[in-house]
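Chemist:
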Amino acid sequence: MKKLLNFKLKIWRQKNHQTKGYFQSYTIENISPNSSFLEMLDILNDKIVRSKQDFPISFDHDCREGICGMCSLYINGRAHGPDHLITTCQLHMRKFKNNQLIYVEPWRSQSFPIIRDLIVDRSAFDRIIISGGFISVNTFGKTIDGNIIPVPKEQAEKSFDAATCIGCGACVAACKNKSAMLFVAAKVAQFSFLPQGKIERKNRVRKMVQKMDEEGFGSCTNNKTCEVECPKGISTEYISILNKEYICSFT
Ligand code: SF4
Ligand code: FES
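Heads up: the sequence shown begins at 0 in numbering that gives the first Met the number 0, then just goes up one per residue.
1. Taking 7 Å as the cut-off, is the C-beta of Arg121 nearer than that to any heavy atom in the ligand FES?
2. Is the CB-CB distance between Pro32 and Lys7 below 8 Å?
3. Can you give me the start and stop residues for the alpha helix (DSSP H) that Glu38 sits inside?
4. Could you tell me whether any non-hydrogen atom of the ligand SF4 is closer than 7 Å to the CB of Leu181?
5. Measure from the alpha carbon of Ala123 to the alpha carbon of each residue in Phe22, Gly215, Arg49 and Asn221, then state which is nearest.
6. Since I believe Ile10 is in contact with Phe22 (beta carbons under 8 Å), could you give me their beta-carbon distance rounded to a whole number of angstroms?
7. Quick one: is the Cβ of Asp41 within less than 7 Å of any heavy atom of the ligand FES?
8. So, is Cys225 buried or exposed, given that buried needs 16 or more other C-beta atoms within 10 angstroms?
9. Can you give me the start and stop residues for the alpha helix (DSSP H) that Val103 sits inside?
10. Considering only C-alpha positions, which residue in the set Gly145, Met207 and Asn176 is nearest to Gln195?
11. Spatial neighbours of Leu84 within its chain, please: CB distance less than 7 Å, with the 5 preceding and 5 following residues excluded, ordered by chain position.
12. Applying the 10 Å Cβ sphere with the 16-neighbour rule, what's the burial state of His16?
13. Output the distance between the C-alpha atoms of Ile128 and Ile47, rounded to the nearest integer angstrom.
14. Among all the DSSP beta bridges, which residues are the ones paired with Leu3?
15. Hey, which unbroken runs of the alpha helix (DSSP H) at 4 residues or more fall wholly within the stretch 110 to 183?
16. Using a Cβ-Cβ cut-off of 6 Å (strictly less than) and excluding sequence neighbours within five positions of Phe182, which residues of its own chain qualify?
17. List the DSSP bridge partners of Ala185.
18. So within the stretch 187 to 236, which uninterrupted alpha helix (DSSP H) runs reach at least 4 residues, ignoring any that extend past its ends?
19. Indicate the three-state DSSP secondary structure (helix, strand or coil) for Arg107 in the structure shown.
20. Can you tell me which residues form a DSSP beta bridge with Phe22?
What follows is the structure in structure tokens.
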């Protein structure tokens with residue numbers, strides 16, 4: 000059996016968006032190296048609840064398998080922690096050393112206000128998607144089988160790669176400008192590469208970029224930290240595609 004691990008934790012606690020936050024220190028012992036980071040937080044919360052001295056730490060999660068994009072944690076200064084191409088829920092405690100000090104913070108962005116502790120409100124992303132992230136097709140009795148429309152393999156693969164974005168917001172949290180360009184680029188590109196998405200292509204990109212600006216996200220200065228921290232490996236090449244789509248939408 001592998002050696003159990005102990006950790007010192009400094010976790011961001013904040014009652015709500017209006018109150019001031021602070022780091023609270025905790026120690027946790029006998030954690031299996033095979034526990035996930037969220038399981039470690041579950042064990043800590045169990046300990047906090049049993050002590051009856053504090054409220055459990057609020058953190059977001061849903062699927063716990065890298066699909067939903069809810070588990071938005073900044074761990075030791077890295078979005079989704081020290082591992083590469085994974086979400087926080089896929090991070091294991093074996094990636095940390097015994098007795099290591101671990102800082103846990105929420106995403107930091109004025110467009111993602113803190114709801115409580117480690118949970119932020121990422122509904123700005125939903126509003127960007129709603130502003131133009133759909134395709135209007137006639138589904139009233141005359142639905143055309145998608146396979147009837149041929150799509151070149153390279154186009155289909157580029158669309159699919161963009162569609163793997165899970166809307167987690169790590170790109171925003173990692174960016175010094177708090178830019179949402181990588182997210183918006185992925186959401187625009189997943190449709191613009193497909194024939195079905197070309198009908199509203201110009202309107203869509205204009206509306207989504209406008210909404211992104213209205214929501215207060217910063218501009219891209221090619222820092223590329225978004226690409227490094229994106230758990231799905233979305234390339235900044237898509238930001239070039241977004242810029243091209245945007246410029247061409249006015250022609
Ligand atoms: S582009 Fe990557 S980091 Fe940004 S929201 Fe999508 S999956 Fe998350
Ligand atoms: S909980 Fe769904 S991606 Fe982590």
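Cβ atoms here follow ideal geometry from the backbone N, Cα and C, with glycine treated the same way. Just so it is clear, the structure is predicted and the values come from calculations on it, not from any experiment.
Modeler: Straight from the coordinates:
1. no
2. no
3. Phe36 to Ser50
4. yes
5. Gly215
6. 7 Å
7. no
8. buried
9. Element bounds for Val103: not the alpha helix (DSSP H) but the beta strand (DSSP E), Leu100 to Glu104.
10. Gly145
11. Pro230 and Gly232
12. exposed
13. 38 Å
14. BP columns for Leu3 are empty, so no partner.
15. 122 to 131, 152 to 162 and 169 to 173
16. Cys170
17. Ala185 is not bridged to any residue.
18. 200 to 213 and 224 to 228
19. coil
20. Trp11
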